[in-house]
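Using the working numbering, the first residue of the sequence shown is number 12, and each one after it goes up by one. Virtual Cβ for every residue (Gly too), placed ideally from N, Cα, C. Shown next, in structure tokens, is the structure this report addresses.
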Amino acid sequence: MSEQRAWQNFLEASLRLYATMNRALVDKHKLTLNDVRLLDLLAASPAGAARMGDLAESLMSLPSRVTRQINRLEKQTLVTRGASPDDGRGVLAFITVQGRDALSAAQQTYGAAVREHFVDRLSRPQVTAMGENCRRISTALQSGAPSAKVGRV
Numbered sequence: 012m013s014e015q016r017a018w019q020n021f022l023e024a025s026l027r028l029y030a031t032m033n034r035a036l037v038d039k040h041k042l043t044l045n046d047v048r049l050l051d052l053l054a055a056s057p058a059g060a061a062r063m064g065d066l067a068e069s070l071m072s073l074p075s076r077v078t079r080q081i082n083r084l085e086k087q088t089l090v091t092r093g094a095s096p097d098d099g100r101g102v103l104a105f106i107t108v109q110g111r112d113a114l115s116a117a118q119q120t121y122g123a124a125v126r127e128h129f130v131d132r133l134s135r136p137q138v139t140a141m142g143e144n145c146r147r148i149s150t151a152l153q154s155g156a157p158s159a160k161v162g163r164v
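So, in structure tokens, the structure goes:
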């Protein structure tokens, strides 16, 4: 298979997987895949909170996009915002009890979608190889270039 064809197959599969999983989460939980990622980052942090800038960096997103996302999740009572105790100027996002509950339910849908649309379509060695290859690419990209931001040209 040519390098171009391999790249096109990877890109198309990635975009289709993202769209399919995003649709399942929105339909069932009214949360996007990126919402689930953000809630998961907050839930995994020791205090259930993170600085807005750190969330943008982790999500490879623009700060303004994360602010809009937090505004939407706040209206759903899944997160709250507050001042950083370390730095009065910094703003933290906190996951709420409702946010943890919504995340837990969404993770069930997410896990089922990963299994159905990714794991079950490949053999165990293929899944292992895919994971290792993606890790290598991600590590190389993280170590060299400035971090990518979705929406920035």
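Check your understanding: In chain order, which continuous runs of the alpha helix (DSSP H) of length 4 or greater are located wholly inside the region 60-129?
Key -> Runs of the alpha helix (DSSP H) inside the region 60-129: 63-69, 74-86 and 108-128.
Review point. Can you tell which of 147, 116 and 128 has the C-alpha that lies nearest to the C-alpha of residue 50?
Key: The option with the nearest alpha carbon to residue 50 is 116.
Check your understanding: Taking 8 Å as the cut-off, is the CB of residue 27 close to at least one heavy atom of the ligand GTP?
Key -> Although the ligand GTP was asked about, the structure shown includes no ligands whatsoever.
Practice item. Give the secondary structure of residue 149 by DSSP, where H, G and I count as helix, E and B as strand, and everything else as coil. Key: Residue 149 sits in a helix when the DSSP states are folded into three classes.
Review point. So what does DSSP say about residue 39, is it helix, strand or coil?
Key: DSSP places residue 39 in helix when its eight states are reduced to three.
Check your understanding: Where do the ends of the alpha helix (DSSP H) carrying residue 50 lie?
Key -> Where residue 50 is concerned, the enclosing alpha helix (DSSP H) stretches over 44-55.
Review point. Are there 16 or more other CB atoms within 10 angstroms of the CB of residue 64, so buried, or fewer, so exposed?
Key: So residue 64 ends up on the exposed side.
Point to revise | Local conformation of residue 164 per DSSP, three classes | key: Caution is warranted here: a pLDDT of 45 is assigned to residue 164, below 50, making its placement in the model unreliable, and no coordinate value can be reported.
Review point. Is DSSP giving residue 24 helix, strand or coil here?
Key: Residue 24: helix per DSSP, three-state reduction.
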